[in-house]
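Student: Below is one structure. I have some questions about it.
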Amino acid sequence: MVLRAFFQVSLLLLAPPLLVGIVNRVKALFAGRRGPPLLQAYYDLAKLLRKGAVFSRTTTWVFRAGPAIGLAAVFLSGLLLPLGGERALVSFRGDFLLLAYLLALGRFFTALAALDTGSSFEGMGAAREVSFASIAEPALFLCFVVLARATGTLSLSGMLGAGLGAAWRESAPALLLAGIALFVVALAENARIPVDDPNTHLELTMIHEVMVLDHSGPDLALILYGASMKLFLFGAVVVRLALGGLPPASASLAGAAFLAGLGLFAAVVGVTESVMARLRLTRVPQMLVGASVLSTFALVLLLR
Amino acid sequence: MTAGLALSAVALATSSGLFGLLLRRRPALGQRLTCAAMCVAAVLGAGASARVLWGSGGFAIRLPWHEPLASLALRLDPLSALFLVPILAVPALGSIYGLSYWPQAELGWKAVRLQLFFGLVTGAMALVLLADNALLFLVGWEVMAVAGFALVRGDDERPEALRASWVYLAAAHVGAFALLALFSIVGGARGSFDFAEWKGLPAAGGASLYALALVGFGLKAGLVPLHFWLPGAHAAAPSHVSAVMSGVLLKTGIYGLLRTLGFFDAPPASWGLVLLALGAISGVLGVGVALAQHDLKRLLAYHSVENIGIIAMGAGIALVGRSRGDAALVALGLAGGLLHVVNHALFKSLLFLGAGSVQHAAGTRDLEHLGGLARAMPFTSFFFLVGAAAISGLPPLNGFASEWLIAVGSLTGLDLPRGDRVAYVALAAPVLAFIGGLAAACFAKVHGTAFLGNARSSKASRAHESPAPMIFPMAVLAAACLAIGLGPSLLLPALARVSSDWAGLPASQTLAASAVGSAGWVGGMAAALLLAAGLLALGRTRLLRGRATPPGETWGCGYSAPSARMEYTGSSFAQILVEGFRWVLLPRVELSHPRGLFPRSARFRTDVPDVVLDRAIEPAVQACETAARGLRGLAPGRIHFYAVLVLAALVALLCWRFLWW
């Protein structure tokens, strides 16, 4: 029990920046570059933590609290996730609601910190973030509702646990639709192409990156670390959903498959970013509504 | 004992304004005594409620009354006990707030009158809760409506305040007529007007009664499309009155609806589904319209429509559960809905008091003229932020606890077998998520534009913090929001008691033990969240110690002279989502484009009227008025003409009688 907790928490704490490294490496390969080292994200975080920070005269405590609250929220939602099919550290009926709302809390404070600077760029980014998030939220919920119905439980550990095998055998089409919708939501929630481009922040079309324009030093480190952890969370859900159909194996084999799956998830995100252009902003809500429709359809398949 | 506590609370609240009236020579003392009376009433009422919810059970008194059919029947059962707490506590906090916000020493007679009606409306609300007889209930209902009218009206002679108060009065009476019809039909059928005799009404053939209840109570609660009177009235009233109206007065509508539904034997599932759908529509449209507002108080008023929708969703799930005899659906839905009643009373009054402080300090409540208040008003800003996060349903605050209960309740519907349509109640959870997301967007806009960034007008830049009597109630409400967020599992036994009493189901099976355990986890995670965020904040502060850099300007992407006019406004912030709601908001847009090579001026202005009031009711009323004016041509004032008309009518009747009949 203690050992499992130790492994889960250390995986949650240590792995996320590596995913970002994989995404960037894949993108570099596609662009014909050698790209940064896989561990570059760790180096960046270490460097940022050693730096000082500049604060705008306009800002208040909200600006300083935003990154800490955002990271705390993402970390706690990580405790709710069953990593690799093991029971999560915290698991109860309806815990996925807490996961979604914790992510919303982080977003709320990131947006407020952006508005605290008084910059119109950051205001624009915050507006887009909260608007798109409010459309992505029902899509995410619908995916979880489909999972809940397919597995007959209301906790993430049950939904993404051993019951998933039977669910895949009985209702594969619905789970497939929900999986696709979940991947789209994951791209949107993590500010990846085709919704947002994590590489630039000066253009007026950007969303997440422009919100954190004024943060520097340790605060920026908290934000970057939180963002990678969020990518890890969504990756863990998508990978577990995809692997759930495999026949049960030993714990170590399942763990290895899960880690390999996470790497593959990061690679797929990198490929998506390399082969697609960013959507026009007006198309983003349509894509998210499309994800909602897909998962609603999956739910109808299960309830019919 | 319980009866004594409850009745003395009602009497004290009702008469509290008399202190101010009698001590007009010493206005400060008079107001303080009024305030003290309200606070004592709240404590007494809370004591009575606690005895009912956690202790021995309620009381019932029945005295004869000289009015025909009426009796002085009073009782306090778990349902009314639960509502009684916020209904007495919020006005008490409001009266503390009023010490500085509406001081009798400065305003004199105006404040005396406000306090009289403030106490009266509180007492009337409590009477509505305690009444166990239909006529007594209606008396309380009517006093509440008329006192509310006096409060909205105040001494305000501005045309919009006058209009809002008349619309409110008209809506209140349309609702009262519906209730009169409802109570007369049921009372006639039962031969008694005592609620105690109404238990066990057959639900078959009761659809019209349900419709009457929905209209009568829905008008008070503000369910879409019956919400039209609400934004104007709540925006026009003084802020502590708005807090009471939005925070607790609306809840009497929910109480009445639940009370009425409690009379019926297991109603059909369609009733619950109707209520669930109405709630979902109110929730989504309420927050959608709120997003488009730039008057802070109107915006908050529309959020009441949203929250009443969430409460109605919970009640709808509970009704569906009753039709199925499914104890888990009833318990979770009703517990969530009722907890949201309490929660909304807390954070909505907190937000309205905050809005009052903003108006007091900056002299305006137009979001486009505010900004940067956080530095001048740190306390108000902080407490408003707590309220904003709570109303958006974010952990670790109370809004999450109740929305979580309702969502888990709706997802319990997933356990139903394949092909059962009722399983679609599970869709309530994604709808709640949508509402929550939109609310978070809206409150990011409100807090961001009002309190953060730079001041958008000179008024806002001269703002100052409010005095202690205005801060204190906000602090109490914010602490209550946090406390419920941290310990929802402590309230669940009481909520379970209410729901088992309401649905007539045995208490043991109503709230599954797992729900209480899960709620414990929710509270625990909320505490862990506070701890983790605190540790991280501490860590970053320690890291930054000794690395001080002089404060700079906000990075403007290379532009070095940004001004407050270039800040993102609240309207721009909400624009993406408002565009999405354009089909229902029907905004009024005034736009003159810049023209020519050297354009001189351009103008853009948009506001969102209330769709129901301004686009449907008002044109309809106007059409009636025009038609009536046309008929006036028949009355020129000459007696000969009237004689001719009478003769013509007689001849026409005779012809009809003898030729065609």
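First to last, the protein sequences are chains A and B.
In terms of the working numbering, the first sequence opens at residue 1 and continues consecutively.
In terms of the working numbering, the second sequence opens at residue 305 and continues consecutively.
Where a beta carbon is used, it is the ideal one built from N, C-alpha and C, also for glycine.
Only counting the same chain, and skipping five residues up and downstream in sequence, which positions put a Cβ closer than 7 angstroms to that of B/Leu642?
Tutor: Leu386, Leu799 and Val802
Student: With a threshold of 7 angstroms on Cβ separation, who are the neighbours of A/Leu294 within its own chain once the five nearest residues in sequence on each side are excluded?
Tutor: Leu177, Ile180 and Ala181
Student: Note the first and the last residue of the continuous beta strand (DSSP E) segment covering B/Pro368.
Tutor: For B/Pro368, the uninterrupted beta strand (DSSP E) run begins and ends at Phe363 to Pro368, by DSSP.
Student: State yes or no: is the C-beta of B/Ile612 within less than 7 angstroms of the C-beta of B/Val645?
Tutor: no
Student: Looking at the unbroken alpha helix (DSSP H) that takes in B/Ala393, where does it start and where does it end?
Tutor: Pro382 to Tyr405
Student: Using a Cβ cut-off of 8 angstroms, pull out every chain B residue sitting near A/Val9, in sequence order please.
Tutor: Going along chain B, no residue has its Cβ under 8 angstroms from A/Val9, so there is no contact; the nearest lies around 12 angstroms.
Student: At a CB distance below 9 angstroms, what residues from the stretch 749–768 of chain B approach chain A? Give them in sequence order.
Tutor: Lys749, His751, Gly752, Thr753, Phe755, Leu756, Gly757 and Asn758: these are the residues of the stretch 749–768 of chain B whose beta carbon lies less than 9 angstroms from some beta carbon of chain A, given in chain order.
Student: Using a Cβ-Cβ cut-off of less than 9 angstroms, give me the residues of the stretch 350–382 of chain B that come near chain A, in sequence order.
Tutor: Listed in sequence order: no entries.
Student: Less than 7 angstroms between the C-beta atoms of A/Leu160 and A/Leu80, yes or no?
Tutor: no
Student: Do we get a CB-CB distance below 7 angstroms when we pair B/Gly587 with the residues of chain A?
Tutor: By this cut-off, B/Gly587 is not an interface position.
Student: Closer than 7 angstroms between beta carbons: that is the criterion. Which residues of the stretch 118–148 of chain A meet it against chain E?
Tutor: In summary, chain E is missing from the structure at hand, where the protein chains are A and B.
Student: List the whole-angstrom C-beta distance separating A/Ala68 from A/Leu222, where the pair is believed to meet the contact cut-off of C-beta under 8 angstroms.
Tutor: 6 angstroms
Student: Is there a C-beta anywhere in chain B that falls below 7 angstroms from the one on A/Leu71?
Tutor: At least one chain B Cβ lies under 7 angstroms of A/Leu71.
Student: Taking a cut of 8 angstroms between CB atoms, which residues from the stretch 883–897 of chain B lie near chain A?
Tutor: Gly884
Student: According to the Cβ coordinates, are B/Gly691 and B/Leu654 closer than 7 angstroms?
Tutor: yes
Student: Helix, strand or coil for B/Ser822, going by three-state DSSP, please let me know.
Tutor: helix
Student: Quick check: the Cα distance between B/Pro730 and A/Leu14, rounded to an integer number of angstroms?
Tutor: Note on residue identity: the sequence assigns Ala, not Pro, to residue 730 of chain B. Those two C-alpha atoms are separated by around 36 angstroms.
Student: Using a Cβ distance threshold of 8 angstroms, determine whether the stretch 129–136 of chain A contacts the stretch 92–102 of chain A, with at least three qualifying pairs required.
Tutor: Fewer than three beta-carbon pairs drawn from the stretch 129–136 of chain A and the stretch 92–102 of chain A are found closer than 8 angstroms, and the two stretches are therefore not classed as touching.
Student: With a cut-off of 7 angstroms, does the C-beta of A/Asp116 fall near any C-beta of chain B?
Tutor: yes
Student: Can you give me, in chain order, the residues of the stretch 214–235 of chain A that have a beta carbon less than 8 angstroms from any beta carbon in chain B?
Tutor: Asp214, Gly217, Pro218, Asp219 and Leu222
Student: Specify, as a first and last residue, the run of the alpha helix (DSSP H) that A/Ser252 falls within.
Tutor: Ala251 to Val275
Student: Starting from the Cα of B/Arg366, find the closest Cα among B/Ser375, B/Ser360 and B/Leu938 and give me that residue.
Tutor: B/Ser375
Student: Rounded C-beta distance between B/Ala317 and B/Ala345? I'm assuming under 8 angstroms.
Tutor: 4 angstroms
Student: With burial defined as no fewer than 16 other Cβ atoms inside 10 Å of the residue's Cβ, what is the status of B/Trp964: buried or exposed?
Tutor: So B/Trp964 counts as exposed.
Student: Apart from the five residues just before and just after B/Ala438, which ones in its own chain have a Cβ nearer than 6 angstroms to its Cβ?
Tutor: Phe487, Gly491 and Phe497
Student: Please confirm whether B/Leu833 and A/Leu233 have their CB atoms less than 7 angstroms apart.
Tutor: no
Student: Can you tell me which of B/Gly856, B/Ala340, B/Ala764 and B/Gly522 puts its alpha carbon nearest to the alpha carbon of B/Val673?
Tutor: First, the amino acid is wrong: residue 673 of chain B is His here, not Val. Ranking B/Gly856, B/Ala340, B/Ala764 and B/Gly522 by Cα distance to B/His673 puts B/Ala764 first.
Student: Is the stretch 685–704 of chain B touching the stretch 713–732 of chain B in the sense that three or more CB pairs, one from each, lie closer than 8 angstroms?
Tutor: no
Student: On a Cα-Cα basis, can you pick out the residue from B/Pro699, B/Phe363 and B/Pro372 that is closest to A/Leu105?
Tutor: B/Pro699
Student: Got a sec: is the Cβ-Cβ distance from A/Val54 to anything in chain B below 7 angstroms?
Tutor: yes
Student: Would A/Asp197 pass as a contact of A/Arg278 if the rule is Cβ separation under 7 angstroms?
Tutor: yes
Student: So, with DSSP's three-state summary, where would you put B/Ala759?
Tutor: In the structure shown, B/Ala759 sits in coil (DSSP, three-state: anything other than H, G, I, E or B).
Student: Give a yes or no on whether 7 angstroms exceeds the smallest Cβ distance from B/Pro797 to chain A.
Tutor: no
Student: Just the chain A side, please: which residues come within less than 9 angstroms of B/Arg722 by C-beta, in chain order?
Tutor: The contacting residues are Leu302, Leu303 and Arg304.
Student: Compare the C-beta of B/Pro571 with all C-beta atoms of chain A and state if any pair is closer than 7 angstroms.
Tutor: Taking Cβ atoms only, chain A never reaches closer than 7 angstroms to B/Pro571, which makes this a no.
Student: A/Met229 and A/Pro16: beta carbons closer than 7 angstroms?
Tutor: yes
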